[in-house]
Structure formats: structure tokens, C-alpha cells
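**Student:**
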Amino acid sequence: MLEEKSIIALITAIRIEKSLEEKLSDLSYNGLSGNIPSWAAERGLQLNLVANNFTTGLTNISALPSGLTCLQRNFPCNRDSPRYSSFAIKCGGPEIKSSDGTVFEMDNATLGPATYFVTKTDRWAVSNTGRFAENNNALYTRSHLSQFTNTLDSELFQTARLSPGSVRYYGLGLENGNYTVNMQFSEIAFPDSSTWQSRGRRVFDIYLQGELMVKDYDIRKEAGGVSFRAVQRELKARVSENFLEIHLFWAGKGTCCIPAQGTYGPSISAIKVTPEFIPTVNNNPPTTSTKKNRTGLIVGICVAVVLATFLCAFLTIYLTRKRKRQAIKEDEALLGVGPRPHTYSYDELKSATENFNPANKLGEGGFGPVFKGKLSDGSIVAVKQLSVSSHQGKRQFITEIATISAVQHRNLVKLHGCCIEGDNRLLVYEYLENKSLDQALFGKNTIHLDWPTRYDICLGTARGLAYLHEESRPRIVHRDVKASNILIDADLNPKISDFGLAKLYDDKKTHISTRVAGTIGYLAPEYAMRGHLTEKADVFGYGVVALEVLSGRPNSDSNLDEEKMYLLEWAWNLHENNRALELVDQTLSEFNEVEARRVLGVSLLCTQASPLLRPPMSRVIAMLSGDIEVSTVTSRPGYLTDWQFSDLTSFMSQDTSATGASMTGTSSTQGDSSLNSTFVTATDRSSEAAVSQQILQETIGEGR
4 MLEEKSIIAL
14 ITAIRIEKSL
24 EEKLSDLSYN
34 GLSGNIPSWA
44 AERGLQLNLV
54 ANNFTTGLTN
64 ISALPSGLTC
74 LQRNFPCNRD
84 SPRYSSFAIK
94 CGGPEIKSSD
104 GTVFEMDNAT
114 LGPATYFVTK
124 TDRWAVSNTG
134 RFAENNNALY
144 TRSHLSQFTN
154 TLDSELFQTA
164 RLSPGSVRYY
174 GLGLENGNYT
184 VNMQFSEIAF
194 PDSSTWQSRG
204 RRVFDIYLQG
214 ELMVKDYDIR
224 KEAGGVSFRA
234 VQRELKARVS
244 ENFLEIHLFW
254 AGKGTCCIPA
264 QGTYGPSISA
274 IKVTPEFIPT
284 VNNNPPTTST
294 KKNRTGLIVG
304 ICVAVVLATF
314 LCAFLTIYLT
324 RKRKRQAIKE
334 DEALLGVGPR
344 PHTYSYDELK
354 SATENFNPAN
364 KLGEGGFGPV
374 FKGKLSDGSI
384 VAVKQLSVSS
394 HQGKRQFITE
404 IATISAVQHR
414 NLVKLHGCCI
424 EGDNRLLVYE
434 YLENKSLDQA
444 LFGKNTIHLD
454 WPTRYDICLG
464 TARGLAYLHE
474 ESRPRIVHRD
484 VKASNILIDA
494 DLNPKISDFG
504 LAKLYDDKKT
514 HISTRVAGTI
524 GYLAPEYAMR
534 GHLTEKADVF
544 GYGVVALEVL
554 SGRPNSDSNL
564 DEEKMYLLEW
574 AWNLHENNRA
584 LELVDQTLSE
594 FNEVEARRVL
604 GVSLLCTQAS
614 PLLRPPMSRV
624 IAMLSGDIEV
634 STVTSRPGYL
644 TDWQFSDLTS
654 FMSQDTSATG
664 ASMTGTSSTQ
674 GDSSLNSTFV
684 TATDRSSEAA
694 VSQQILQETI
704 GEGR
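So for the sequence shown, our numbering puts the first residue at 4; every next one is plus one.
(1) With DSSP collapsed to three states, give me the class of S84.
(2) Using the beta-carbon count (16 or more within 10 Å), is N181 buried or exposed?
(3) Mind the definition here: the region 229–244 touches the region 48–57 only if three or more C-beta pairs lie below 8 Å; say whether that holds.
(4) Distance check for V480 and L50, CA to CA, integer angstroms please.
(5) At which residues does the alpha helix (DSSP H) containing R205 begin and terminate?
(6) Tell me T277's beta-bridge partners as DSSP assigns them.
(7) Counting C-beta neighbours from all protein chains within 10 Å, is the total for Q388 16 or more, i.e. buried, or is it exposed?
(8) Report the option in F231, R241 and S84 whose CA atom is closest to the CA atom of N285.
(9) Taking its Cβ as the centre, do 16 or more other Cβ atoms sit within 10 Å of E2, making it buried, or is it exposed?
(10) Just curious, the beta strand (DSSP E) that R556 is in, first and last residue?
(11) Return yes when the Cβ of N558 is within less than 8 Å of the Cβ of L570, no when it is not.
(12) Taking A583 and R600 to be in contact with their CB atoms under 8 Å, please state how far apart those CB atoms are, rounded to whole angstroms.
(13) Since G463 is in the beta strand (DSSP E), which residue starts that stretch and which ends it?
(14) Quick one: what's got a C-beta closer than 7 Å to Q411's C-beta in the same chain, skipping five residues either side?
(15) What's the call for V308, buried or exposed, on a 16-neighbour Cβ count within 10 Å?
(16) Specify, as a first and last residue, the run of the beta strand (DSSP E) that Y530 falls within.
(17) Look at the alpha carbon of S516 and the alpha carbon of E538, and state the distance between them as a whole number of angstroms.
(18) Measuring only the C-alpha atoms, how far is S89 from N287?
(19) Quick check on S487: buried or exposed, where buried means 16 or more other Cβ atoms within 10 Å of its Cβ?
(20) Are the CB atoms of T72 and A91 within a distance shorter than 8 Å?
(21) If we count the other Cβ atoms within 10 Å of its Cβ and call it buried at 16 or more, is S31 buried or exposed?
(22) Between the alpha carbons of S166 and L114, how many angstroms are there, rounded?
(23) Would you say R600 touches the ligand MN, meaning its beta carbon is less than 7 Å from a heavy atom?
(24) Can you tell which of S28, Y173 and N496 has its C-alpha closest to the C-alpha of A117?
(25) Within the region 580–619, note down every full beta strand (DSSP E) run reaching 3 residues or more, in order along the chain.
(26) State the Cα-Cα distance for the pair Y458 and E598, rounded to the nearest angstrom.
(27) Would D453 pass as a contact of L591 if the rule is Cβ separation under 8 Å?
(28) Please classify H419: does DSSP put it in a helix, a strand, or coil?
(29) State the start and end residues of the unbroken alpha helix (DSSP H) segment that holds I222.
(30) What residue range does the alpha helix (DSSP H) around L155 cover?
(31) Of the residues E225, R241 and T198, which one's Cα is nearest the Cα of N179?
(32) What's the C-alpha gap between L550 and A254?
(33) Tell me whether D156 is buried or exposed, calling it buried when 16 or more other Cβ atoms sit within 10 Å of its Cβ.
(34) Tell me, please, whether the region 187–203 touches the region 245–254 by the rule of three or more beta-carbon pairs shorter than 8 Å.
(35) Who are D483's beta bridge partners in DSSP?
(36) Kindly list the residues whose CB is nearer than 8 Å to the CB of E108, restricted to its own chain and excluding five residues on each side of it in sequence; keep chain order.
Here it is in C-alpha cells:
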């Protein structure tokens, strides 16, 4: 057991985690003991403390969901004095009476990534841990108003409780003995069609009383390969300490993203638990009978209203004064940031952007919109209007100012200045009329990017990231490397934007984030699924961008044939069949064959599943410059292999561990090794395609 000081220190360490917009922590089943500090109830902190040994400090934490005492390690509620002998739950939905007369109690409580719920009668409870990647399903439920086959109770299957990782249902205060556990399922996420959306697989394990009962349970497989068909699994359990635990656990198998992101993990429609013996308890919750005094009730209400009015007035005055004091403190803190950028007045920027006219809007950044502005001296700038309605936003702005001011490089955007007036927080950058790389590659932009320019863009972007990762102090992980965050200056040199919004990187620690910030298609597997953030997540995003520059197409395009729909998969197919040059953008009249193969090889290295196999950006520069050979890539990453239906394991189990603006400058030239390379014209590409005439007959596999 941990001593009280140890548990306080442990939770404190979580409490001060780096500038997270949401504070989530699963501390269940850790054997922790002692008092829970009062600050555990602070706003925004979500704790799951189920199955620990806290004996004091539970009742005074009003912000925690009620019933935590019943969910401590020994499940003490009605322990040794059982009250119940059965229960039935309508998982994820309202109360329903089935055709056989069973009343399934409602389970529509709002759960989150680290939450629990206990019924008022202490009959049963539910605990959930885990967070869906790129999915905002705050209720962790799903519904579908279909008629289900193989059942007389279709309503029972129209809603389901979901979990991205682990969901446990507890029967509390049960009389000891043998029980039958009947679990009812139906798959409602995958349509019954011949499209790729029906190719998803939901696979999870079932435990009773901590013992694995069913491994790799597949609802759709149990239903004969169809959705919207009711199936049930009946298991036996022994209750010896007045509680029953039913645990559904996702072990990283099946698909994760079909037909949409976050479609994985356990799903259950209903649970029914019945005894295999004659109960000796009445199976009813405790009842209370109170005589209500109507006069006393009215007097109590009147007194409460008067007190509430005075309290509201007092709180309004207090909070107003507190906000003013806090604003002064934050402004003073910002004045201490060095080196200090140039400061603009709010009126000056308001005039420059014509009162932030929507016609001048350039785009939407992570912290707010960006506008084109013309200052009084005639210079054109890009003004980022930050959203700082919350206390945390202001502090993030202070950090951003300090970071951007200290980090300067020819391939990074340059901060021109800022505005600090009241609640107004704005950043001013130099304006770039050529806008972003994705607009140049995929949009209607009239800029033509020939091969030498594209190669310089790959090299310049690599230099900018290498500076952030290895040379700047503090070191910085961008977190969202993508084509729209790479801007193009007048000389067609690349500039990385929005790096000041990234979290600072500590040399001695990895960044474990509960809030994944990034864009689908560019996210590294370990970051997308577990929030594990290092500079290698940026390397992965760079590899995808380099493939887009090489091919002139986005990383996914549903308008293309299936085998070409996903750029990474298509690149590997061509690479493995000696047809790599077919990946090169068909609009290029000529290109350097050696450089093209070099970019492809670097891209495949950068997008390996394991971050340990991805090269640092300094080595990427050396390979692109020709200073060292591009390392050989022997096999495609696990997350691509798992797209084939013969393997149910998701890429998680394979892993081993806005528009902005810029500064002026030019990109460095390539190494001399590329001067003797052969240029290939558009008509030469067909010769490589003849190497292999085999047509790849691949479908959209698992993991997308």
C-alpha cells in the first residue's frame, strides 16, 4: 500500500501535467490509500478512483460522482449483509420492460474517459476508462432505430454502451452463490452492405470476476456475419464476497476506423444476472417514509431563495474583482517575457484589418482566425486573433509569445509583433501571398512547383523541423506537421507555421497527452492511439507531407480507385513491386530520378510504425542532401499489414513504445551528389511500370 504522502504526491504529479486543456486520469485498481486531497474536486479534473483503498476523504469531495465508497477495493456497500439477488441493465439507454416481464434499469448516465456511475439504490454500478481517438462521443453510447432480428425485444438493442478501452459493470450487495450472467449484443456501427464501410470488425475480451471467459469476442461473427441481429452470451459466475464484476476489455484487436474514426472497443446492449439458487433476501432497495410538513417546506424554500439572492450578488462582485486582479497579474507576467516582440495597439490592428472584415480572413488557426491587414506604413501583415475567453488561454498566449520570440530560423515563420490590451490577444506575422503548400499542390493556386522547387521544399521543411527538435532551446515538438502548416514565401521557400502553439519538449521526459492535437492522415500511430508524443510524431507527419509533394496528391482521396485511395498504402504497393516512379506527379514534365527515389525512401522510413525506426530530422537532411545513403526499408509498417483482413490486430499492438505567416529567406541548395543524377521525362515512366504486370487486387483493409 502507498502511504498517504505517496498518493498525494502521485495525484499532484498528474495535476500539474503540462498545460492540458482537459485533465483526465484513470487511477482505478491501483491499491492506493489515504486521504483524497480537497483539490481533487477542482474544475476540469476527472479522476477514476475505483477499486482502491481510500477510507477517508471520500464524502467531502462533492465534485466526484457519488457512490465512490461502494466501489473501493472490498466493495463494502451491503458487504456481509446482502440485499439483492438479481439485476438487469439496459446498457446505454432508458428503462425497458422486456417481453418476458424483466425490467432493465436505465443506464444513460454521461460517462467519460475516466468516470464511473453508481445507482441510487446501490444495486449496480459502471466504470469506464479510455478515450476514443478523433471522436467526440461524449456519452459513450450509440443508438440506431432499426428493427432487429432474432429477438422479440427490438428496443433492447437500439442503444448500446460503448468504451474505447475498458468498461466494467458491478453487481453490488448480492447474496453469495452461483449466478447466470446473460449478456446481449448487436452490432449497430457497421452497415449491412457490400461497401468498405461494412468491413469493420469489433473484437474484445470478456472477463467475469477477473477471470478471462471469452477471448476475441466478435459480435458480428457471432451473428453470422450480419449487423442488427441480436445475439446473447450466457456465462456462469460465482459470487463469494457479495459483488460481481463483468469486465469488457479491448485488447487492441479488430479495426479502429471503419466506417469512421473511433469505431472500436466493447459494445453491449443489455445485461441480466439471475441466481441459480433460491434467494433468502427480498431483492428490493431500502425504502424511506417521511412525513412532509408543507408549511415547513414553504418556509424553507423562501429562506433558501433569499439566501441564494444575497449569495449570487456577493459572488458577482467578488468574481468581477478577482477577474480584474487576475488580468493585471497576467499582463505583468507578459511584460516579463523576453525578448519582447514589437507591440501594436488594438485599434491599429482593428483598422489594418478593416474591423476584422470576413473578406480579409485568410483562414482559421488552432487558436483563432487569421486576417490580412495593411498597417499605416503600408506594410502587409497577417494578424492571428487568439481566442482567450478562458484563463488558460491567456497563459497559453504568454507561453506562445516567449517561444516564438526565442526561436528563429530561415524555414520557420517569423513573429512580427503582438497586441496585449485587456482581453484582446493578437499575433502579427509577415504576410505571405503564396499561402500554404497544400493550396499550391492540391488547390486552384496558379503557382507551378517544378521538381527542383519540390525537392527544395522537402529539404527546407526538414531543416526547419531539425532546428525545432535538435537546435532550439527549449526543444519543440510541432504536433501537427501537415501541408497546410507549411507556407511558401515569394521565392518558393518553405516556412513551417504554428510551431509556437506546440507543447515544449523536455529532454528527459516524453510527453504523454490525454488530448491528441493533430490531423487525421498525418498522425503517428503511437500519438493517435495513446497520446505518446515525441519528436518522432513530427517525423511521421513529415514523411506523409514528402509523399504528397512527390505525388502531387493528398494523403487520402475517396475519388480514386481503392488501391490508390490511401497514399501511404499505394506508395508501399508500388515500392514492393518495383514501380516506385509511378508515384511521381504526372503533371511534372521532368524530374530527377535519383532525387525522386531518395524522397520516396525517406518518406517510407519516416512513416514506420515504431518511432524507434524513424530517423531523426538531421539524418533526413543528410539522406536528402546525398551525404549518406538512404537506409533500406525491408518491410511495410505493421499498421499497413493489419489492413489486410487476414490479421485482426490493430496497429496499436505493433507499436514498440490555420494559416500563419512567415519571414523572408532562401532555402539551402542540395548536395553535389544529385548533380550527376538522371532526369526522367513524363514519357519514360511507363518503362518502370513494365517491371511488374501483376495487378494488385487489394481491398480497403483493417485499420482505416
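Don't be surprised by glycine CBs; every beta carbon is placed ideally from N, CA and C.
**Tutor:** Quick look at the numbers:
(1) Position 81 of the sequence shown holds residue 84. Three-state result, S84: coil.
(2) For the purposes of this step, residue 181 is identified with residue 178 of the sequence shown, where counting begins at 1. With fewer than 16 other Cβ atoms within 10 Å, it is exposed.
(3) no
(4) The residue given as residue 50 occupies position 47 in the sequence shown. The residue given as residue 480 occupies position 477 in the sequence shown. Cα-Cα distance, rounded: 28 Å.
(5) Within the sequence shown, numbered from 1, the residue matching residue 205 stands at position 202. Where R205 is concerned, there is no enclosing alpha helix (DSSP H), given that its DSSP letter is neither H nor E.
(6) As a working note, residue 277 is residue 274 in the sequence shown. According to DSSP, T277 bridges with T183.
(7) As a working mapping, residue 388 is identified with position 385 in the sequence shown. By the 10 Å Cβ count, Q388 comes out buried.
(8) In the sequence shown, counting from the first residue as 1, residue 285 sits at position 282. For N285, the nearest C-alpha among the options comes from S84.
(9) With the chain covering 4 to 707 only, the question about residue 2 has no answer from this structure.
(10) Counting from one through the sequence shown, the residue named residue 556 turns up at place 553. Per DSSP, R556 belongs to no beta strand (DSSP E) and is neither H nor E.
(11) The sequence position of residue 570 within the sequence shown is 567, counting from 1. The sequence position of residue 558 within the sequence shown is 555, counting from 1. Yes; because the gap between Cβ atoms is below 8 Å, this pair is in contact.
(12) For the purposes of this step, residue 583 is identified with residue 580 of the sequence shown, where counting begins at 1. For the purposes of this step, residue 600 is identified with residue 597 of the sequence shown, where counting begins at 1. Yes, A583 and R600 are in contact; Cβ-Cβ is about 6 Å, under 8 Å.
(13) In the sequence shown, the residue the question calls residue 463 occupies position 460. Here G463 belongs to no beta strand (DSSP E); instead the alpha helix (DSSP H) covers W454 to A469.
(14) Locating residue 411 in the sequence shown gives position 408, counting from the first residue. So the qualifying residues of the chain are K417.
(15) By 1-based counting over the sequence shown, the position of residue 308 is 305. Result: exposed.
(16) Translated into the one-based positions of the sequence shown, residue 530 becomes position 527. First-last for Y530: P528 to R533, but that is the alpha helix (DSSP H), not the beta strand (DSSP E).
(17) Residue numbering aside, residue 516 sits at position 513 when the sequence shown is read from its first letter. Residue numbering aside, residue 538 sits at position 535 when the sequence shown is read from its first letter. Low per-residue confidence applies at S516: pLDDT is 40, beneath 50, and the placement is therefore not dependable enough to give any value.
(18) Counting from 1 along the sequence shown, the entry for residue 89 is found at position 86. Counting from 1 along the sequence shown, the entry for residue 287 is found at position 284. Cα-Cα distance, rounded: 10 Å.
(19) For the purposes of this step, residue 487 is identified with residue 484 of the sequence shown, where counting begins at 1. It counts as buried.
(20) Counting from 1 along the sequence shown, the entry for residue 91 is found at position 88. Counting from 1 along the sequence shown, the entry for residue 72 is found at position 69. Not a contact, by the Cβ cut-off of 8 Å.
(21) As a first step, residue 31 is located in the sequence shown; it is residue number 28 there, counting from the start. Its Cβ being crowded by 16 or more others within 10 Å, S31 is buried.
(22) Within the sequence shown, the letter at position 163 stands for residue 166. Within the sequence shown, the letter at position 111 stands for residue 114. Spanning the two alpha carbons is a distance of roughly 9 Å.
(23) With respect to the ligand MN, the structure shown offers nothing to examine, as it has no ligands at all.
(24) Here residue 117 corresponds to residue number 114 of the sequence shown, with the count starting at 1. Answer by Cα proximity: S28.
(25) 593–595
(26) As a first step, residue 458 must be located in the sequence shown, where it is residue number 455. As a first step, residue 598 must be located in the sequence shown, where it is residue number 595. The straight-line gap separating the alpha-carbon atoms of Y458 and E598 is approximately 8 Å.
(27) If you number the sequence shown from 1, residue 453 lands on position 450. If you number the sequence shown from 1, residue 591 lands on position 588. Yes, Cβ-Cβ distance for D453 and L591 is below 8 Å.
(28) Working through the sequence shown from its first residue, we reach residue 419 at position 416. In the structure shown, H419 falls within a strand segment according to DSSP collapsed to helix, strand and coil.
(29) What you label residue 222 is simply residue 219 of the sequence shown in a count that begins at 1. Start and end: I222 to E225.
(30) Translated into positions along the sequence shown, residue 155 becomes position 152. Segment: none, L155 is in no alpha helix (DSSP H) and carries neither H nor E.
(31) Residue mapping note: residue 179 aligns to position 176 of the sequence shown, counting from 1. Among E225, R241 and T198, the Cα nearest to that of N179 is on R241.
(32) Reading the sequence shown from its first residue, position 547 is the one you call residue 550. Reading the sequence shown from its first residue, position 251 is the one you call residue 254. In this structure, the alpha-carbon of L550 lies about 32 Å from that of A254.
(33) Residue numbering aside, residue 156 sits at position 153 when the sequence shown is read from its first letter. Buried.
(34) no
(35) As a first step, residue 483 must be located in the sequence shown, where it is residue number 480. Paired residues: none, contrary to the question.
(36) Within the sequence shown, numbered from 1, the residue matching residue 108 stands at position 105. Counting only Cβ-Cβ distances below 8 Å, and skipping sequence neighbours, we find F90, A91, I92, K93, E98, T122, R126 and W127.
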